[in-house]
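Encoded as structure tokens, the structure appears first; notes follow it.
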Amino acid sequence: MYEIEMKFCVEQPEEFQKRMKEELQIEFGPVLTEIDYFFQHPERDFQKTDECLRIRERNQNEYRITYKGPRLDILTKSREEIELPLTLLTQKNTLTEWKKLLERLGFTYFASVKKLRRNAFFSFKNRDYEMTLDEIPTVGTFTEIETDVDSDDPLDRDFARAEILLLAKNLHLETCIPRSYLGLFLDAQQSNPKNRNNPNSQ
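Take the sequence shown: its position 155, counted from the start at 1, is 145 in the numbering used here, and no numbers get skipped.
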């Protein structure tokens, strides 16, 4: 599965939601709290290889482990994604045990990023999309538009990429932000003297 995604900064979240609903009948759902726990590979630097291994906790009752491969282009966040539910996280401290398992295999816990997320699901030109409205404390508010391609054919991914760019234009979203939330969070931490020695303050 390949994830085709674009991220944009939202300066006025309430106005953005109102415009999405009035002009395009896109309505966001309730706020979800997500915390992403990122891990570093024992033999290669994921920041240099542009890969990602994370455990995502949602509302303290849903957990998933995800691997993301390197981005396939510099404009969108098109990349291979492998995501699996952690269905056994039902007992206290089980998340801690999963962290311990990864650390025993040589992975190192790196950082965590918290976000308040609202989701919207819709179709555009016969393709399904997910749009999120994300508030990242100390960083800002963003929207992401995502669609999936279940094909290894580069032409299929190129076609999906062109469609998501067209959709972004229709939504009046102009400047794509290629950085991940982890990258934006670490940038914000570095720019704030109070947090420079505590990259995991969330």
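Even glycine gets a Cβ: it sits at the ideal position worked out from N, Cα and C.
Using alpha carbons as the reference points, say which of Pro127, Phe28, Leu145 and Ile167 lies closest to Leu92.
-> In the sequence shown, residue 92 corresponds to position 102, counting from 1. With distances taken between Cα atoms, Leu92 lies closest to Phe28.
N-terminal and C-terminal residue of the alpha helix (DSSP H) that Pro127 is part of | In the sequence shown, the residue the question calls residue 127 occupies position 137. For Pro127, no alpha helix (DSSP H) run applies, since DSSP gives it neither H nor E.
Quick one: what's got a C-beta closer than 6 Å to Thr128's C-beta in the same chain, skipping five residues either side?
-> In the sequence shown, residue 128 corresponds to position 138, counting from 1. Correct list, in chain order: Ala178.
In three-state DSSP terms, what is Gln180?
-> The count along the sequence shown starts at 1 and reaches residue 180 at position 190. The DSSP-derived three-state label of Gln180 is helix.
In the structure shown, what three-state DSSP assignment does Arg34 receive?
-> As a working note, residue 34 is residue 44 in the sequence shown. When secondary structure is reduced to three states using DSSP, Arg34 falls in the coil class, being assigned neither helix nor strand.
Where in the segment 55 to 89 do unbroken runs of the beta strand (DSSP E), each at least 3 residues long, occur, reported from the N-terminal end onward?
-> Restricting attention to beta strand (DSSP E) runs no shorter than 3 residues, the segment 55 to 89 encloses them at 69 to 75, ordered along the chain.
Pull up the DSSP beta-bridge partners for Asp138, would you.
-> For the purposes of this step, residue 138 is taken as residue 148 along the sequence shown, with counting starting at 1. Beta-bridge pairing links Asp138 to Glu(-7).
Could you have a look at Arg160 and say whether DSSP puts it in helix, strand or coil?
-> To locate residue 160, count along the sequence shown from 1; it is residue 170. Before going further, note that residue 160 is Asn rather than Arg in the sequence given. Correct three-state label for Asn160: helix.
Hey, Leu22 and Arg48 are a contact pair by Cβ (cut 8 Å); roughly how many whole angstroms apart?
-> The count along the sequence shown starts at 1 and reaches residue 22 at position 32. The count along the sequence shown starts at 1 and reaches residue 48 at position 58. About 6 Å; that satisfies the 8 Å criterion.
Report all residues from its chain with a CB closer than 7 Å to the CB of Trp88; omit the five preceding and five following residues, and keep chain order.
-> If you number the sequence shown from 1, residue 88 lands on position 98. The beta carbon of Trp88 sits closer than 7 Å to the beta carbons of Ile45 and Leu76 from its chain, once the five residues preceding and following it are set aside; these are given in chain order.
Going by C-alpha distance, which of Phe97, Arg108 and Asp142 is nearest Glu134?
-> Working through the sequence shown from its first residue, we reach residue 134 at position 144. Considering only alpha carbons, the answer is Arg108.
Can you give the Cα-Cα distance for Lys11 and Ala158, rounded to whole angstroms?
-> What you label residue 11 is simply residue 21 of the sequence shown in a count that begins at 1. What you label residue 158 is simply residue 168 of the sequence shown in a count that begins at 1. Rounded to whole angstroms, Lys11 to Ala158 spans 15 Å at the Cα level.
Assuming Thr86 and Gln30 make a contact with CB atoms under 8 Å, what is their CB distance in whole Å?
-> Along the sequence shown, read from residue 1 onward, the residue named residue 86 stands at position 96. Along the sequence shown, read from residue 1 onward, the residue named residue 30 stands at position 40. Distance from Thr86 to Gln30 at the Cβ level is roughly 18 Å; contact not present, criterion being Cβ atoms closer than 8 Å.
State the DSSP-derived secondary structure class of Leu92, mapped to helix, strand or coil.
-> On the sequence shown, position 102 is the one that residue 92 refers to. Judged by DSSP in its simplified three-state form, Leu92 adopts helix.
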